[in-house]
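If you're matching them up, the sequences are chains A and B in order. So the first sequence is numbered by my numbering: it starts at 1431 and just counts up by one. So the second sequence is numbered by my numbering: it starts at 54 and just counts up by one. For every residue, glycine included, the Cβ atom is placed at its ideal position computed from N, Cα and C. Just so we're clear, the structure is a prediction, and the values are computed from it rather than from any experiment.
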Amino acid sequence: MQFVRRSIQALVVLVLVAIPFLYLYNVERYARQNFSYSLAGKQISDTEWFQRQILDYIDGALAKTENPDKIISAISGSPWSINILGYNISDPLAAVTLTIAGGNFYWPFLLSILPLVILSALLGRVFCGWLCPFHFLAEISNKLRRLFTKFGLKPHDIHLKRKTKFIILGALAGFSFVAGVSIFPHIYPPAVISREVFNSIFYGTVGFGFFFIIFLLFTELTLSERWWCRYACPGGAIYALLGSVRILRMVRIEDRCTLCVECDDACPFGLLPMSDKTGMECDNCGLCKKVCPEAALEYRFMTYRGEKKLIAEHSSNRKKKTRQVRGA
Amino acid sequence: MANDANDRKAFLRGGYKVFLGAIANAAESGVADVADREKLLRPPGAIAEALFLQKCNLCGKCWEACEYGSIKQFSSKSSSAGTPVIIPEETPCYLCDPPVCSTVCDEGALVPIRVEDIKIGVAKFKKSTCLAAQGIDRSCDYCYDRCPLKDKAITFDKGPVVNEENCAGCGVCEYFCVSNPKSIKTFA
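Okay, structure coming up:
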């Protein structure tokens, strides 16, 4: 399970890096075919050594295929709004911000959010745990953080309210509406990261977004564990709302549970599976299931009501047990 | 006590300055906004500027699609930062058929368009620096020679003459102009 998740995350990062290289190659190839001299100017003559190596590799790989154009144009965009084989898939946040900033409905684009909306409504915040490139980086920073604690350093751990991200979403959406310009692509990490990767590979420069991401990772390392994903991310807020109706849920089996708190420690979102407090934030990453020594956590198909009933049952059982222990 | 009051006064004065600074900053970026909105050359098929800023979400499909690498990300303080622009001095638009960038946009900021209908901007000629017009080099006719709409958008009579109705504003003339500063420039 974790292996599948890691490979999907790695694939996303690979695609992010591959897109600018394919683009660079496309520009160079076009200039080579149609002009006796380089028209696209600086970018081509100034390729670095490592760029040259990768471009030559792409050239070799595509020389064998019949229709290189098709392969190059197969995938474009960013995780925020990607086009795969002519089908557009967008983040719900992109549609929300576009609709709010523009004040009108553009149906072709609104329809493109359906795949992710349906996926989130079925499986929870899966975009965060499985596809978001920032989550991938944050998990590395998380690992470092735990390494620090192992060696005796104690980073701060500041906690905010989970509601904060809904407030941020509302405030920024209000700003977008007033200003008539969408603000989210400038601060939403999946959008920022892909743009910065593109800039750094294609132009060799980085913008404000790069420092923003570095700032986020640094604060996650030193001040508060995963504060962006937990308390601030506007995209995560939308996915959390959608995830509240999810069908696949991580369920605790009370008989096997020994209340060892391993799962609560492992959860990257700071949820508490041991106390049945997963709520709407769970992204079904399966880390708690992995660390549980008693295999007391399992995936179950269950509605919101079903889970509520189960939790009520658990709590009444616990009360009964307490009463027995007290001998009352 | 007196010291405290002084401190507070100083603090208030400083805060006042910070507050003014913030307003000045906002005003500056607002001015930059207005200035940007008038001067930017958008890719072919772009809708009206105010609507364009509402629709574009910087996904990058247009600049990935362009085979010439003509579409750049605009770097600025204003709200149009990161949006796609064409900077003819670096790389002009070569008017490919069909215009790829306009077909790949899923957000509706760029609308599919025929090559004949492209209107990015208009080229404007300045006589004072032109080599041909000043008689420094009568044989220089790069702007006329390289124009993709030769004889329709531009004619040559001791220097280029731009026909503003037919000019697509692709900026090829500006790119190939050898004078410094450029004697032919594209404006939105």
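Contact with chain A by residue i, beta-carbon distance below 9 Å
i	result
B:Asp198	no
B:Tyr195	no
B:Val231	no
B:Ser155	no
B:Gly174	no
B:Leu202	no
B:Asn219	no
B:Lys211	no
B:Cys119	yes
B:Glu160	yes
B:Leu93	no
B:Ala99	no
B:Cys112	yes
B:Lys235	no
Collapsed DSSP secondary structure at residue i in the structure displayed
i	result
A:Tyr1517	strand
A:Ser1612	coil
B:Ala99	strand
A:Thr1635	coil
A:Met1680	strand
A:Arg1730	strand
A:Ala1603	helix
A:Ser1506	strand
B:Pro213	strand
A:Lys1573	helix
B:Pro152	coil
B:Ala176	strand
B:Thr136	coil
B:Ile124	strand
A:Ile1617	helix
A:Ser1705	helix
A:Ile1449	helix
A:Leu1567	helix
B:Ala221	coil
A:Ile1598	helix
A:Ser1624	helix
B:Thr208	strand
Neighbour flag for residue i against chain B, beta carbons, 9 Å
i	result
A:Asn1513	yes
A:Phe1614	yes
A:Ala1461	yes
A:Ile1449	yes
A:Lys1472	Note that A:Lys1472 scores 48 on pLDDT, short of 50, meaning its location in the model is unreliable; the coordinates nonetheless yield the value given after this. Yes, A:Lys1472 lies at the interface with chain B (some Cβ there is under 9 Å from its Cβ).
A:Pro1538	yes
A:Ala1621	yes
A:Tyr1467	Residue placement at A:Tyr1467 is flagged as unreliable, the pLDDT there being 45, under the threshold of 50; a coordinate-derived value is accordingly withheld.
A:Asn1629	yes
A:Tyr1453	yes
A:Ile1637	Rather than Ile, the amino acid found at residue 1637 of chain A in this sequence is Gly. At least one chain B Cβ lies under 9 Å of A:Gly1637.
A:Arg1748	no
A:Trp1803	Examination of residue 1803 of chain A is not possible in this model, given that chain A is present from 1431 through 1758 alone.
A:Leu1544	no
Spatially closest choice to residue i from the options, by CA coordinates
i	options	result
A:Phe1641	A:Val1611, A:Asp1587 and A:Arg1625	A:Arg1625
A:Val1445	A:Thr1733, A:Arg1462 and A:Asn1513	A:Asn1513
B:Leu94	B:Val157, B:Asp150 and B:Ala221	B:Ala221
A:Asp1388	A:Pro1698, A:Ile1677, A:Phe1638 and A:Ala1725	With chain A running from 1431 to 1758 in the structure shown, residue 1388 of chain A is simply not present.
B:Ser293	A:Phe1605, A:Gln1439 and A:Asp1486	With chain B represented from 54 up to 241, any question about residue 293 of chain B goes unanswered, as that position is not in the structure.
B:Glu102	B:Asp150, B:Cys119 and B:Ile173	B:Ile173
B:Pro97	B:Thr156, B:Val225, B:Val231 and B:Val215	B:Thr156
A:Lys1573	A:Gln1463, A:Ala1670, A:Pro1698 and A:Gln1432	A:Pro1698
A:Asp1695	A:Arg1676, A:Ala1670 and A:Val1721	A:Val1721
B:Thr136	B:Trp116, B:Lys238, B:Glu120 and B:Glu142	B:Trp116
Short Cβ contact (9 Å threshold) for residue i with residue j
i	j	result
B:Val175	B:Phe240	yes
A:Pro1619	A:Leu1646	yes
A:Ser1506	A:Ile1570	no
A:Pro1563	A:Val1442	yes
A:Cys1712	A:Leu1727	no
A:Cys1693	A:Cys1718	yes
A:Ser1503	A:Trp1510	no
B:Leu148	B:Cys223	yes
A:Leu1561	A:Gln1439	yes
B:Thr144	B:Lys114	no
A:Met1680	A:Pro1703	yes
B:Cys154	B:Ala206	no
A:Arg1660	A:Ser1550	no
A:Tyr1455	A:Asp1489	yes
B:Lys177	B:Val215	yes
Whole-number beta carbon distance between residue j and residue i, since they are thought to touch under 8 Å
i	j	result
A:Leu1409	A:Pro1522	No information on residue 1409 of chain A is available, as it lies outside the stretch 1431 to 1758 that chain A covers here.
B:Tyr197	B:Pro213	5 Å
B:Ala99	B:Ala162	7 Å
A:Ile1543	A:Ala1525	5 Å
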